[in-house]
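Just add 193 to wherever you are in the sequence shown, counting from 1, and you've got the working numbering.
Where is the CB? At the ideal position from N, CA and C, for every residue including glycine.
I have placed the structure first, in the form of structure tokens, so that the comments after it can refer back to it.
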Amino acid sequence: IHLLGLCKTHRKVNGQRRLHNDYHVVFKGRDDDAIYGVAIILEPPLAKRIEHVVYISDRIIGLVLKVKHCKIGVIQVYAAQQGRPSHETAAFFDQLQSTVDKLPNYDKTVILGDMNTHVGTSRVSIEHIIGAFGIGDRNKKGERDFCIRNNYAVMNTFFMHRPSHKWAWYRWSKKAGMYTEKSMIDLVLTNDKRIINDVKTLPSVCLDSDHRLVLVKVHLQKPKELPSTKKKRLKIERLKHISVQRK
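Pasting the structure below:
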């Protein structure tokens with residue numbers, strides 16, 4: 194794993210620090226308590242590529258990486274949970290929009306994290322936003338409006354996988370002795386679908402959480418150089434020279 198996004202870290206304030214084996218963490222929390230919190234952990238070579246960090250709130254943090262032949266923005270989010278007041282959801286999407294606007298205007302940006310929303314399978318008129326492999330039912334939150342306004346695609350829905358590799362969150366019922374609820378709420382959004390090769394959850398990875406690890410494969414390709422369209426011109430004026438005429 195080259196980069197790992199974390200939600201609900203329960204860390205106060207914001208900052209950066211070095212971890213074991215020189216891994217690097219960038220984090221943001223509240224100043225007064227440690228309720229939520231978000232963070233991004235980067236491997237040592239990638240940490241050296243950090244060019245810019247945007248600390249927004251205990252629900253949103255962003256950074257810009259200078260990698261290979263381009264610069265890419267990465268935003269880690271933790272949206273307001275289901276059942277929270279509607280103004281919290283509205284405030285979250287306002288902050289997310291502000292983050293996208295504050296990051297320098299690069300062609301490639303990826304948003305990761307717990308969006309606490311169900312995108313469902315309906316994709317009429319928004320086929321460029323929702324792919325053919327959505328799952329579950331949709332609920333009415335602001336992620337679709339955000340994606341449409343900013344031309345972001347929900348990449349979880351563009352790759353065909355078995356359901357167990359789609360569901361990212363499960364609720365275990367002790368009474369029933371089984372999982373009674375499941376959803377795909379940990380999403381990957383991007384404004385450039387070409388850089389995402391795959392998105393799937395890893396149910397076999399054991400985490401101390403009701404969420405599953407979501408694996409994202411990113412491929413940054415060097416832009417192809419277009420062939421020159423300049424036509425060769427015959428220099429017929431050189432025929433005036435006797436030496437050229439003899440040839």
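Going by the DSSP bridge assignment, what does Lys295 pair with across the sheet? Answer is none; Lys295 lacks a bridge partner.
Quick check on the DSSP output: what are the complete alpha helix (DSSP H) runs of length 4 or more inside the region 235-290, in order along the chain? Counting whole runs of 4 or more residues, the region 235-290 contains the alpha helix (DSSP H) stretches 237-240.
How long is the line joining the alpha carbons of Asp225 and Lys201, rounded to whole angstroms? 15 Å
For Ile389, count neighbouring C-beta atoms within 10 Å of its own C-beta (all shown protein chains included) and say buried if the count is 16 or more, exposed if not. buried
Would the beta-carbon of Met348 fall within 8 Å of that of Thr383? Their beta carbons are under 8 Å apart, which means Met348 touches Thr383 by this criterion.
Using only the alpha-carbon positions, how far apart do Ile254 and Phe339 sit? 17 Å
Does the Cβ-Cβ distance between Lys205 and Tyr248 come in under 8 Å? no
For Met377, which three-state DSSP category applies? coil
Taking Ile304 as part of the alpha helix (DSSP H), name the residues at either end of that continuous run. Annotation: Ile304 is outside any alpha helix (DSSP H); the continuous beta strand (DSSP E) that includes it extends over Lys301 to Asp307.
With a 10 Å radius around its C-beta and 16 neighbouring C-beta atoms as the bar for buried, classify Gln269 as buried or exposed. buried
Using beta-carbon positions only, say whether Ala361 and Val398 come within less than 8 Å of one another. For the 8 Å CB-CB criterion, Ala361 and Val398 do not form a contact.
Which of the three DSSP states is assigned to Met348 in this structure? helix
Can you list, in chain order, the residues of its chain with a C-beta nearer than 8 Å to that of Arg252? Leave out the 5 residues immediately preceding and following it. Answer for Arg252: Tyr229, Val231, Val270, Tyr271, Ala272, Ala273, Phe285 and Gln288, listed in chain order.
On the DSSP bridge assignment, give the partners of Asp391 in chain order. Lys410
Thinking C-beta only, is Gly327 closer than 8 Å to Gly313? yes
Can you tell me whether Ile319 is buried or exposed, with buried defined as 16 or more other CB within 10 angstroms of its CB? With fewer than 16 other Cβ atoms within 10 Å, it is exposed.
With distances taken between CB atoms, is the gap from Val260 to Arg242 smaller than 8 Å? Taking 8 Å as the Cβ cut-off, Val260 and Arg242 qualify as a contacting pair.
So, using beta-carbon positions, are Pro297 and Val257 closer together than 8 Å? yes
Thr302 vs Gly335 beta-carbon contact at 8 Å: no
I need the DSSP call for Ser366, collapsed to helix, strand or coil. When secondary structure is reduced to three states using DSSP, Ser366 falls in the strand class.
Bridge partners of Arg210, per DSSP? Val218
What are the boundary residues of the beta strand (DSSP E) that includes Gly198? First-last of the beta strand (DSSP E) with Gly198: Leu196 to Cys200.
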